[in-house]
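*Asks:* In the working numbering, the protein residues as written are 19 to 338.
Dropping the structure here:
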């Protein structure tokens, strides 16, 4: 076993076995905490384990491909060609028959150690005769003709492995994102019609708001303030510090009327607040809270009813 193969096996063991186990366990625990659903961790465990195993395989292939095994037939061809050259020197009187025999024996010994016969340069090739000291030499042109060397091996295996790895990485990354950071929720009311119809399944991703906050115009999923186990979908109209006002069916934020094509022209009027909730207009959204309303303004219980919602109750952003 050569050094390249040994390094490849060690790299494959470390990167393909040890790292996947450790990383997968850590990733599975983190994903369980992030997704808040135990089942999601198994998807992360499998995906990361498979991906790191694949990376180890690619590295092993690349390292092994850099150290290809020697071609015995090429060594045999070189030995036969060298013997022909020494025969020419013998005919020219440059070396003695004893020196020629010694060099010939040495070359034949090297070829035999490589596992190939100098008389058979390669599979399917014509045998190359090895001259004796007393045999007439071949013409100079024939003796000087070199046998083409074996073509250089291209590292196509490494390239193919890398390409396959990239494709699988993209596919696995998409699957991980779908299974870990996205959930599908069923809409049970018509408060968001015609943007979202009752009975629709809406994908919700929870990554965006880990690095930022909901913005006006975003359609979000959040916990119902009255029934926390129930998920509601509404549109963010104003964020903390902004002032909301409802005048003659028109929504104003910070004194400017909103252009709301998604309401299909339906007016927005105040609602009777829920028991224990006090809402007076103009209404300034408290810190850490959001003012949300349904697009179907004439059939939606929203912040006009239960007030601004805590930003911490947001589950994620609806993918529409």
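Idealized CB from N, CA, C, for every residue including glycine.
#1: Closest to residue 250 by CA distance: which of 218, 25 and 110 is it?
#2: Taking 9 Å as the cut-off, decide whether the C-beta atoms of residue 253 and residue 295 are in contact.
#3: According to DSSP, is residue 284 part of a helix, a strand, or is it coil?
#4: Start and end of the beta strand (DSSP E) containing residue 251?
#5: Since I believe residue 311 is in contact with residue 255 (beta carbons under 8 Å), could you give me their beta-carbon distance rounded to a whole number of angstroms?
#6: Just to confirm, are residue 287 and residue 262 a CB contact at a threshold of 9 Å?
#7: Inspect the beta-carbon positions of residue 284 and residue 315 and report whether they are closer than 9 Å.
#8: When you compare the stretch 94 to 111 with the stretch 119 to 128, are there three or more beta-carbon pairs, one atom per stretch, that lie closer than 8 Å?
#9: Please report the distance separating the alpha-carbon of residue 224 from that of residue 337.
#10: Does DSSP classify residue 303 as helix, strand or coil?
#11: Output the distance between the C-alpha atoms of residue 371 and residue 28, rounded to the nearest integer angstrom.
#12: Where does residue 127 fall in DSSP's three states?
#13: Indicate whether residue 306 and residue 321 have their beta-carbon atoms separated by less than 9 Å.
#14: Check residue 101 in the structure and name its three-state DSSP category.
#15: Just tell me which of 324, 25 and 236 has its CA closest to the CA of residue 245.
#16: Starting from the C-beta of residue 199, find all residues in its chain whose C-beta is less than 7 Å away, skip the five residues before and the five after it, and write them out in chain order.
#17: I need the DSSP call for residue 229, collapsed to helix, strand or coil.
#18: Please look up how many angstroms separate the CB atoms of residue 303 and residue 259, rounded, as I've assumed it's under 8 Å.
#19: Which value, in whole angstroms, describes the spacing of the CA atoms of residue 272 and residue 220?
#20: So, helix, strand or coil for residue 291, using DSSP?
#21: Tell me the DSSP bridge mates of residue 308?
*Replies:* Put simply:
#1: Position 232 of the chain shown, counted from the first residue, corresponds to residue 250. The shortest C-alpha separation from residue 250 is found at 218.
#2: Position 235 of the chain shown, counted from the start, is the residue given in the question as residue 253. Position 277 of the chain shown, counted from the start, is the residue given in the question as residue 295. Going by C-beta atoms, residue 253 is not nearer than 9 Å to residue 295.
#3: Position 266 of the chain shown holds residue 284. Three-state result, residue 284: coil.
#4: Position 233 of the chain shown, counting from 1, holds the residue named residue 251. Residue 251 -> beta strand (DSSP E) spans 249 to 257.
#5: Within the chain shown, the letter at position 237 stands for residue 255. Within the chain shown, the letter at position 293 stands for residue 311. The Cβ separation is near 5 Å, so the contact holds.
#6: Numbered from its first residue, the chain shown carries residue 287 at position 269. Numbered from its first residue, the chain shown carries residue 262 at position 244. No, the pair does not count as a contact, with Cβ atoms beyond the cut-off.
#7: Taking the chain shown and counting its residues from 1, the one referred to as residue 284 is at position 266. Taking the chain shown and counting its residues from 1, the one referred to as residue 315 is at position 297. In contact: residue 284 and residue 315 (Cβ atoms closer than 9 Å).
#8: yes
#9: Counting from 1 along the chain shown, the entry for residue 224 is found at position 206. Counting from 1 along the chain shown, the entry for residue 337 is found at position 319. Rounded to the nearest angstrom, the two C-alpha atoms are 10 Å apart.
#10: Residue numbering aside, residue 303 sits at position 285 when the chain shown is read from its first letter. It is coil, neither helix nor strand.
#11: This structure leaves residue 371 out entirely; the chain is present only between 19 and 338.
#12: Numbered from 1 along the chain shown, position 109 holds the residue referred to as residue 127. Residue 127 falls in the helix class under three-state DSSP.
#13: Taking the first residue of the chain shown as 1, we reach residue 306 at position 288. Taking the first residue of the chain shown as 1, we reach residue 321 at position 303. No, these two residues do not count as a Cβ contact at 9 Å.
#14: Taking the first residue of the chain shown as 1, we reach residue 101 at position 83. Residue state, collapsed to three classes: helix.
#15: Here residue 245 refers to the residue found at position 227 when the chain shown is read from its first residue. The candidate whose alpha carbon is nearest that of residue 245 is 324.
#16: In the chain shown, residue 199 corresponds to position 181, counting from 1. Cβ neighbours of residue 199 beyond the five flanking positions: 223, 224 and 225.
#17: Translated into positions along the chain shown, residue 229 becomes position 211. If DSSP states are grouped into helix, strand and coil, residue 229 belongs with coil.
#18: Stepping through the chain shown from its first residue, residue 303 is reached at position 285. Stepping through the chain shown from its first residue, residue 259 is reached at position 241. So it is a contact: roughly 6 Å between Cβ atoms.
#19: Within the chain shown, numbered from 1, the residue matching residue 272 stands at position 254. Within the chain shown, numbered from 1, the residue matching residue 220 stands at position 202. Answer to the nearest angstrom: the Cα atoms are 31 Å apart.
#20: Numbered from its first residue, the chain shown carries residue 291 at position 273. DSSP places residue 291 in coil when its eight states are reduced to three.
#21: Taking the first residue of the chain shown as 1, we reach residue 308 at position 290. Bridge partners of residue 308: 257 and 327.
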